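Chemist:
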Amino acid sequence: MIESLQGKRVLVTAGAGGIGLAIARKFLASGAQVHICDVAAEAVQAAVQAHPGLSGSVTDVSDEAQVLAMFTDLAARWGRLDAPGNNAGVPGPTSRRAEQEPARWR
Numbered sequence: 059m060i061e062s063l064q065g066k067r068v069l070v071t072a073g074a075g076g077i078g079l080a081i082a083r084k085f086l087a088s089g090a091q092v093h094i095c096d097v098a099a100e101a102v103q104a105a106v107q108a109h110p111g112l113s114g115s116v117t118d119v120s121d122e123a124q125v126l127a128m129f130t131d132l133a134a135r136w137g138r139l140d141a142p143g144n145n146a147g148v149p150g151p152t153s154r155r156a157e158q159e160p161a162r163w164r
């Protein structure tokens with residue numbers, strides 16, 4: 059069970075549908091400000107319209123330039139990010155995020 063996340067800022071990747079959108083909705087219900095990103099533009103738009111308080115961007119997290127642009131925008135709007143929700147991706151080798159090279163995310 060998620061406790062109150064009032065005032066926290068959360069990013070959910072692949073958040074425009076399925077499990078990602080369910081995660082985003084749970085964070086919203088707990089009081090967090092939530093930004094989703096996804097490669098599906100129409101799904102991002104539909105999710106943002108259906109869920110007040112949700113923001114979104116069309117971002118391919120395998121593209122370093124797109125990810126940098128998204129984080130630059132979030133930093134300008136929010137100033138900080140409290141919790142990343144990395145929902146995008148496929149199974150593969152694992153390691154700590156700090157030890158991963160950007161090329162492994164492609």
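First residue of the sequence shown: 59, per the numbering used here; consecutive thereafter.
We put the CB at the ideal spot given by N, CA and C, even for glycine.
Computed from a prediction, not measured in an experiment: that's the story for all the values here.
Under three-state DSSP, which class holds residue 105?
Modeler: Three-state DSSP puts residue 105 in a helix.
Chemist: Could you name the residues of the same chain whose beta carbon sits closer than 6 Å to that of residue 106, not counting the 5 residues immediately before and after it, in chain order?
Modeler: Hits under 6 Å: 112 and 114.
Chemist: Considering only their Cβ atoms, is the gap separating residue 145 from residue 73 smaller than 8 Å?
Modeler: In this structure, residue 145 lies closer than 8 Å to residue 73 by Cβ.
Chemist: What did DSSP end up calling residue 91 once you bin it into helix, strand or coil?
Modeler: DSSP places residue 91 in strand when its eight states are reduced to three.
Chemist: Roughly how many angstroms lie between the CA atoms of residue 123 and residue 136, to the nearest whole one?
Modeler: Their backbone Cα atoms lie some 20 Å apart in a straight line.
Chemist: In angstroms with no decimal places, state the Cα-to-Cα distance between residue 62 and residue 108.
Modeler: Their backbone Cα atoms lie some 22 Å apart in a straight line.
Chemist: For residue 130, does the three-state DSSP call read helix, strand or coil?
Modeler: DSSP places residue 130 in helix when its eight states are reduced to three.
Chemist: Report the residue from 132, 117 and 70 whose alpha carbon sits nearest the alpha carbon of residue 99.
Modeler: If we check each option's Cα against that of residue 99, 117 comes out closest.
Chemist: Quick one: using the 10 Å Cβ neighbour count with 16 as the cut-off for buried, is residue 80 buried or exposed?
Modeler: Burial call: exposed.
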